[in-house]
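Worksheet: one structure, shown below.
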Amino acid sequence: GAGVSQTPSNKVTEKGKYVELRCDPISGHTALYWYRQSLGQGPEFLIYFQGTGAADDSGLPNDRFFAVRPEGSVSTLKIQRTERGDSAVYLCASSSGTGTSGYEQYFGPGTRLTVT
Amino acid sequence: DQQVKQNSPSLSVQEGRISILNCDYTNSMFDYFLWYKKYPAEGPTFLISISSIKDKNEDGRFTVFLNKSAKHLSLHIVPSQPGDSAVYFCAATVNSGGSNYKLTFGKGTLLTVNP
Chain A
19 GAGVSQTPSN KVTEKGKYVE LRCDPISGHT ALYWYRQSLG QGPEFLIYFQ GTGAADDSGL
79 PNDRFFAVRP EGSVSTLKIQ RTERGDSAVY LCASSSGTGT SGYEQYFGPG TRLTVT
Chain B
11 DQQVKQNSPS LSVQEGRISI LNCDYTNSMF DYFLWYKKYP AEGPTFLISI SSIKDKNEDG
71 RFTVFLNKSA KHLSLHIVPS QPGDSAVYFC AATVNSGGSN YKLTFGKGTL LTVNP
């Protein structure tokens, strides 16, 4: 079956521009997570959705970052007024969200964002 | 403040030998631990996990050991194969009673298995 997909795979943008990153989770997975991986670091949690609602956005670094999941499936991470420090790989993961299998998150290939 | 630490950035072993990857954590609230493997240009792939109520979990060539008193876990791969060459991430989470299992990752260890 299809895994988690993310588009675009690469995005180059100029400082100050607005970007949108899309995540298509595994069908039927209710839990969706966004992470950010900077060079030489492990992924860092940004935001968690259970269904349509953002149940935990404690990892978003500031109010330039926002994410939505309007129909409980596809999610979009939005970054306003991009800064060079936003350059990273943005990873999306989904899980069934229930029981012990809820611990296992399936990751997409990521979107590499470069802000020039 | 790194709550999950992988102090070895890289490890090189010979094919057929044992690979041991280590991970330490500081947050005593963590109650579930996972190892992920990552190849270049791909997302992390789940490998194996362990609950804090256990001290060992085995799956084929992969075994994870947990020492709660030392806040230490390790991943053993035996025998190591060249296809195991990848970055390995240790991750931890807290079961807060809901369904939010956000992961806290270490920085990763690059494993190279030489033929």
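So the protein lines, in turn, are chains A and B.
Residues in the first sequence are numbered consecutively from 19, following the numbering used here.
Residues in the second sequence are numbered consecutively from 11, following the numbering used here.
Using N, Cα and C, we set each Cβ at its ideal position, and we do this for glycine too.
Remember, predicted model here, so these are calculated numbers, not experimental data.
Apart from the five residues just before and just after residue i, which ones in its own chain have a Cβ nearer than 6 Å to its Cβ?
| i | result |
| --- | --- |
| glycine 26 of chain B | Pro89 |
| threonine 134 of chain A | Glu32 |
| aspartate 140 of chain A | In the structure displayed, chain A extends from 19 to 134; residue 140 of chain A sits before or after that span and is not available. |
| alanine 102 of chain B | Val14, Tyr35, Phe40, Phe43 and Thr114 |
| histidine 82 of chain B | Asp34 |
| arginine 54 of chain A | Glu62, Leu64, Ala106 and Tyr108 |
Taking the Cβ atom as the reference point for each residue, do residue i and residue j lie within a distance shorter than 8 Å?
| i | j | result |
| --- | --- | --- |
| glutamine 24 of chain A | glycine 128 of chain A | yes |
| tyrosine 35 of chain B | tyrosine 121 of chain A | no |
| glutamine 16 of chain B | lysine 117 of chain B | yes |
| glycine 46 of chain A | tyrosine 124 of chain A | no |
| threonine 48 of chain A | serine 114 of chain A | yes |
List, in chain order, every chain B residue whose beta-carbon is nearer than 9 Å to that of residue i.
| i | result |
| --- | --- |
| proline 127 of chain A | Ala51, Glu52 and Gly53 |
| alanine 49 of chain A | Ser109, Asn110 and Tyr111 |
| leucine 39 of chain A | Result: empty, since nearest Cβ-Cβ is about 14 Å, beyond 9 Å. |
| serine 113 of chain A | Ser109 and Tyr111 |
| glutamine 68 of chain A | Gly108, Ser109 and Asn110 |
So, for residue i: in the same chain, excluding its five sequence neighbours on each side, which residues have a beta-carbon less than 8 Å away from its beta-carbon?
| i | result |
| --- | --- |
| valine 37 of chain A | Lys29, Thr31, Lys96, Ile97, Thr100 and Leu131 |
| serine 62 of chain B | Phe40, Asp41, Tyr42, Phe43, Leu76 and Lys78 |
| serine 93 of chain A | Arg40, Cys41, Pro43, Leu50, Trp52, Phe67, Ala85, Val86, Arg87 and Cys110 |
| serine 59 of chain B | Tyr42, Phe43, Leu44, Trp45, Asn67 and Val74 |
For a contact meaning CB atoms closer than 8 Å, what does residue i contact in chain B?
| i | result |
| --- | --- |
| phenylalanine 63 of chain A | Lys112, Leu113 and Thr114 |
| leucine 109 of chain A | Gly53 and Pro54 |
Note down, in chain order, every chain A residue with its Cβ under 7 Å from the Cβ of residue i.
| i | result |
| --- | --- |
| glycine 118 of chain B | Gly60 |
| threonine 131 of chain B | Residue coverage of chain B in this structure runs from 11 to 125, which leaves residue 131 of chain B outside it and unanswerable. |
| threonine 103 of chain B | Tyr121 |
Considering only DSSP beta bridges, list what residue i is partnered with.
| i | result |
| --- | --- |
| leucine 121 of chain B | B/Leu21 and B/Ala96 |
| glutamate 122 of chain A | According to DSSP, glutamate 122 of chain A bridges with nothing at all. |
| phenylalanine 40 of chain B | Its beta-bridge partners do not exist; DSSP assigns none. |
| glutamine 55 of chain A | A/Val107 |
| serine 23 of chain A | A/Asp42 |
| isoleucine 65 of chain A | A/Trp52 |
| aspartate 75 of chain A | Its beta-bridge partners do not exist; DSSP assigns none. |
At 7 Å on the CB atoms, spell out the chain B contacts of residue i, in chain order.
| i | result |
| --- | --- |
| alanine 73 of chain A | Asn110 |
Under 8 Å between beta-carbons, which chain A residues line up against residue i? List them in chain order, please.
| i | result |
| --- | --- |
| phenylalanine 56 of chain B | Glu122, Gln123 and Tyr124 |
Which residues in the same chain have their Cβ closer than 7 Å to the Cβ of residue i, if we skip the five residues on either side of it in sequence?
| i | result |
| --- | --- |
| glutamine 91 of chain B | Glu25 and Val123 |
| alanine 96 of chain B | Lys47, Lys48, Tyr49 and Leu121 |
At a CB-CB cut-off below 9 Å, which residues of chain A make contact with residue i?
| i | result |
| --- | --- |
| phenylalanine 99 of chain B | Gly60 and Pro61 |
| threonine 73 of chain B | Chain A residues near threonine 73 of chain B: none, gap ~18 Å exceeds 9 Å. |
Here's the rule: buried if 16 or more other CB atoms are within 10 angstroms of the residue's CB, otherwise exposed. What is residue i?
| i | result |
| --- | --- |
| leucine 57 of chain A | exposed |
| asparagine 110 of chain B | buried |
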